Amino acid sequence: MSKELSIVIVNYRSWPYLEACLKSLDPQQDRYDVLVVDNFSDDGQFDSFAANFPHIKFVRSQTNLGFGGGCRLGASLSSADYLLFLNPDTLANHDAIDSMLQFLKSQNQYGIVSCKQHVKLARHYLLFPSFRRLSGLLRSAEARMRARKFAIQRWQSFEFIVPDWVSASVLMISRRDYERIGGWNQIFWMYYEDPDLCRRFADQGGRVALLTNCSISHKHGGATRLDLETTALTKAEVTISRHVYIHNHFSKMDRILSHSILITSFLFFGSVLALLGTLTFFMPRMRLQRMIWQRRWKYYVKVFRTRSWLSPRLAMDP
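In my numbering, the protein residues as written are 41 to 358.
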């Protein structure tokens with residue numbers, strides 16, 4: 041019999057983190073369905089790892105679908121009324137999971153909920169991307185200037201803030217709302233799928249909440265910084281997905297200006313860092329800058345050739 045909540049975890053060669061995450065879920069396993077989508081890690085560990093957790097459902101994707109695609113696959117294999125998308129580099133807190141579930145079930149105003157993952161609450165002051173927020177410094181300044189928007193609210197035993205969006209590393213939504221907005225958007229291979237999901241939810245009148253009196257531990261970047269190649273890939277994908285989000289959510293003039301600013305910044309600052317990375321190849325951190333530049337350069341060449349901002353990863357097998 042299907043349980044009320046399914047926890048969907050997308051894994052890509054994050055086995056040590058995933059093991060700790062699943063062990064943290066294990067004491068309450070009978071209360072939730074836990075489904076792990078392996079995004080074609082293809083490193084020979086899937087079968088033996090799955091055998092160590094026989095009570096958890098493991099699904100092996102035949103290609104690397106990206107984060108959103110992996111989440112879609114996991115959601116499609118669940119029939120639970122509520123879905124929790126959880127990163128493999130998190131440690132579950134059952135009180136937090138229960139609080140998020142009860143919050144969604146007991147009120148109608150908010151349809152997406154998360155909880156604290158940072159000690160500093162201000163790191164959860166997330167605003168939708170826009171032209172005037174292209175710079176991280178400007179985003180941070182605006183969030184602080186709009187501190188009243190993020191004032192802690194209270195309802196029954198819950199304390200929460202209302203950001204524009206919450207991170208996909210810990211995101212709970214009802215199946216009804218998930219299906220109503222079309223689920224995760226597959227035009228994003230990695231990154232920006234969470235503001236996109238919350239943006240589409242907001243466009244249909246939905247609201248997002250983040251509980252502040254409970255938390256889930258998250259080793260940020262633990263699943264995406266396994267080695268230089270993986271780090272270069274994921275950091276390049278941040279920029280690529282940013283372009284995709286801009287193309288799909290910004291007005292025409294803001295799209296033109298934003299794309300132009302990002303490309304110009306890459307050609308100048310990115311090229312300088314890549315040159316320094318070439319000269320100081322013996323320093324891994326600097327060599328990484330060259331690797332990121334190479335990936336972004338290939339992407340912009342692809343954009344010019346195909347007139348598409350989509351990531352080339354969406355059209356290729358690993």
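The beta carbon of each residue, even a glycine, is placed where N, CA and C say it ideally should be. Every value quoted in this text rests on a predicted model; they were computed, and no experiment measured them.
Starting from the C-beta of residue i, find all residues in its chain whose C-beta is less than 6 Å away, skip the five residues before and the five after it, and write them out in chain order.
{"i": "I49", "result": "V76, L126, P128"}
{"i": "D357", "result": "Note on D357: pLDDT 42, under 50, position unreliable in the model; the coordinate value appears next. Counting only Cβ-Cβ distances below 6 Å, and skipping sequence neighbours, we find T103."}
{"i": "R100", "result": "D78, F86"}
{"i": "M212", "result": "L124, M140, V153"}
{"i": "Y52", "result": "N79, S81"}
{"i": "L58", "result": "N51, P128"}
{"i": "Y339", "result": "I280"}
{"i": "R347", "result": "none"}
{"i": "S146", "result": "none"}
{"i": "S64", "result": "L131, A132"}
Is the CB-CB distance between residue i and residue j below 8 Å?
{"i": "W229", "j": "S351", "result": "yes"}
{"i": "L328", "j": "L250", "result": "no"}
{"i": "R353", "j": "G106", "result": "yes"}
{"i": "C111", "j": "A136", "result": "no"}
{"i": "L117", "j": "S214", "result": "no"}
{"i": "A132", "j": "C61", "result": "yes"}
{"i": "Q149", "j": "V210", "result": "no"}
{"i": "F308", "j": "S298", "result": "no"}
{"i": "H287", "j": "T130", "result": "no"}
{"i": "Q364", "j": "G109", "result": "Absent from the model: residue 364. The displayed extent of the chain is 41 to 358, so no value can be given."}
{"i": "G151", "j": "G222", "result": "no"}
{"i": "S207", "j": "D234", "result": "yes"}
Spatial neighbours of residue i within its chain, please: CB distance less than 7 Å, with the 5 preceding and 5 following residues excluded, ordered by chain position.
{"i": "Y232", "result": "S281, R282, V284, Y285"}
{"i": "G310", "result": "W333, R336"}
{"i": "L167", "result": "R173, R179, E182, A183, D204"}
{"i": "V341", "result": "none"}
{"i": "P324", "result": "L268"}
{"i": "F321", "result": "R327"}
{"i": "A90", "result": "F98"}
{"i": "R345", "result": "none"}
What residue from the options has the CA that sits closest to residue i's CA?
{"i": "R188", "options": "L250, L178, Y165, S54", "result": "Y165"}
{"i": "K292", "options": "F171, C254, H134", "result": "F171"}
{"i": "N181", "options": "Q193, A162, I192", "result": "It should be pointed out that residue 181 corresponds to Ala in this sequence rather than to Asn. Closest option to A181, Cα to Cα, is A162."}
{"i": "S305", "options": "S175, K338, L319", "result": "S175"}
{"i": "N253", "options": "I96, D138, G108", "result": "D138"}
{"i": "Q142", "options": "I227, P94, E44, D70", "result": "E44"}
{"i": "D70", "options": "A90, I47, N92, P56", "result": "I47"}
{"i": "F241", "options": "L65, H260, Q226, D217", "result": "D217"}
{"i": "P169", "options": "F344, S64, R295, R220", "result": "R295"}
{"i": "Q193", "options": "A90, F93, V248", "result": "V248"}
{"i": "W349", "options": "E219, P324, P56, S300", "result": "S300"}
{"i": "V343", "options": "L316, F190, I303, G317", "result": "I303"}
{"i": "V159", "options": "R220, S255, A191", "result": "S255"}
{"i": "Y122", "options": "H260, E219, T318", "result": "E219"}
Under 7 Å from any heavy atom of the ligand GDP, does the C-beta of residue i make it?
{"i": "H158", "result": "In the structure on display, the ligand GDP does not appear, and there are no ligands present to speak of."}
Between which residues of its own chain and residue i is the CB-CB distance below 8 Å, once the five residues before and five after are set aside?
{"i": "D73", "result": "S42, K43, L45, S46, I47, K97, S118, A120"}
{"i": "P56", "result": "none"}
| message | Does the contact criterion of 3 or more C-beta pairs under 8 Å hold for the region 71-85 versus the region 196-211? | response | no
| task | Count the C-beta pairs between the region 83-93 and the region 203-210 that are closer than 8 Å, then say yes if the count reaches three, no if not. | result | Taking 8 Å as the limit for Cβ pairs, the verdict is that the region 203-210 does not touch the region 83-93.
| Is there contact between the region 265-282 and the region 332-341, where contact requires at least three CB pairs shorter than 8 Å? | yes
| said: I'd like the ranges of any alpha helix (DSSP H) spanning at least 4 consecutive residues and lying wholly in the region 155-243. | reply: For the region 155-243, the continuous alpha helix (DSSP H) assignments of 4+ residues that do not extend past its boundaries occur at 176-185, 215-220, 233-243, in sequence order.
| said: Could you tell me which whole beta strand (DSSP E) segments of length 3 or greater appear in the region 70-156? | reply: Complete beta strand (DSSP E) runs here, min 3: 73-78, 97-100, 122-126, 152-156.
| request: Could you tell me which uninterrupted beta strand (DSSP E) segments, each at least 3 residues in length, are contained entirely in the region 319-343, listed from first to last along the chain? | output: Whole beta strand (DSSP E) segments, 3+ residues: zero.
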